[in-house]
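Beneath this line is the structure, given in structure tokens, with notes to follow.
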Amino acid sequence: MGQQSFTRHTHTPISPESHSYLCGVCMFSFQLLQLIKAFIKARPALNPQRASTEGPAVMEQSRLITLVLAGLCAATLAHNRKHYYISRPLPWDQARSYCRQTHTDLAVVEDGRELGQLVREAGPGATARAWIGLQRGEIDWRWASRAAVSYHNWNHYLFCATMNPQGTWEDTECDRSFPFMCYTDSSQGSRTYTLIEQNKTWAAARDHCRQQHTDLVTISSPRENQAVREAAL
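Just so we're on the same page, the working numbering is the position in the sequence shown counted from 1, plus 13.
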């Protein structure tokens with residue numbers, strides 16, 4: 014199949030690249046969290062014998078407290094959070110760990126006003142992309158704090174997908190050009206796939222398929238995914 018591919022709208026997965034990032038601090042819970050962490054850290058020194066038997070449980074308590082306070086912070090209004098722009102590039106998971114260790118979490122954006130706060134914090138000199146706390150699971154997007162997504166400001170030109178030779182889908186920019194796959198539905202209910210070996214953007218490929226066939230391929234099962242992959246061989 015080489016790099017022959019079909020395209021469809023989807024969202025961008027976590028990138029292995031390193032970027033700057035924006036941390037958020039929940040003002041009412043941050044100081045409390047630091048006090049609790051300091052107390053848990055001091056417990057072994059206060060009672061070394063007991064700490065040796067309670068070590069795993071204490072660590073689990075610390076993680077649970079952190080998650081609870083992060084959840085409380087996620088439930089607060091945007092004006093209760095302060096944001097910090099960290100210019101040192103890190104992969105997403107390391108940026109999240111840094112924010113959780115030194116602040117509250119990677120930045121959460123709940124509305125346009127808070128988005129403006131992040132842009133101002135990054136400053137006019139910030140020309141590169143910066144991580145925020147948004148992560149895609151198997152079905153939908155969630156904030157690192159596990160809060161549901163109630164606001165978004167996507168650049169929709171980035172959210173298209175290709176199929177690689179192994180049949181796996183990969184996100185890419187919609188204005189890049191690739192070969193593409195159209196499908197045609199017959200009046201008898203059958204479906205055929207046609208590989209178009211011309212490089213087109215997602216929008217141009219969609220228009221071509223709708224004019225000459227039925228549409229760009231839609232895949233709703235592993236069987237259909239395999240059929241599309243075989244049609245491109």
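Every residue, glycine too, gets a C-beta built ideally from N, C-alpha and C.
Owing to the predicted nature of the structure, the values given are computational and were not obtained by experimental measurement.
Where residue i sits in the DSSP three-state scheme
{"i": "residue 211", "result": "strand"}
{"i": "residue 153", "result": "coil"}
{"i": "residue 237", "result": "helix"}
{"i": "residue 141", "result": "coil"}
{"i": "residue 112", "result": "helix"}
Cα-Cα separation between residue i and residue j, rounded to whole angstroms
{"i": "residue 120", "j": "residue 245", "result": "42 Å"}
{"i": "residue 229", "j": "residue 141", "result": "33 Å"}
{"i": "residue 144", "j": "residue 188", "result": "22 Å"}
{"i": "residue 132", "j": "residue 219", "result": "34 Å"}
{"i": "residue 147", "j": "residue 153", "result": "10 Å"}
{"i": "residue 102", "j": "residue 111", "result": "11 Å"}
{"i": "residue 223", "j": "residue 107", "result": "44 Å"}
{"i": "residue 243", "j": "residue 210", "result": "15 Å"}
Rounded distance between the beta-carbons of residue j and residue i, thought under 8 Å
{"i": "residue 183", "j": "residue 174", "result": "6 Å"}
{"i": "residue 96", "j": "residue 134", "result": "5 Å"}
{"i": "residue 212", "j": "residue 190", "result": "4 Å"}
Unbroken beta strand (DSSP E) run spanning residue i, endpoints
{"i": "residue 103", "result": "94 to 103"}
{"i": "residue 174", "result": "173 to 176"}
{"i": "residue 167", "result": "Neither: residue 167 is in no beta strand (DSSP E) and is coded neither H nor E."}
Boundaries (first-last residue) of the alpha helix (DSSP H) holding residue i
{"i": "residue 131", "result": "125 to 135"}
Beta-carbon contacts of residue i that lie in its chain and below 7 Å, excluding the five residues immediately before and after
{"i": "residue 166", "result": "128"}
Beta-carbon contacts of residue i that lie in its chain and below 6 Å, excluding the five residues immediately before and after
{"i": "residue 238", "result": "180, 232"}
{"i": "residue 204", "result": "196, 198"}
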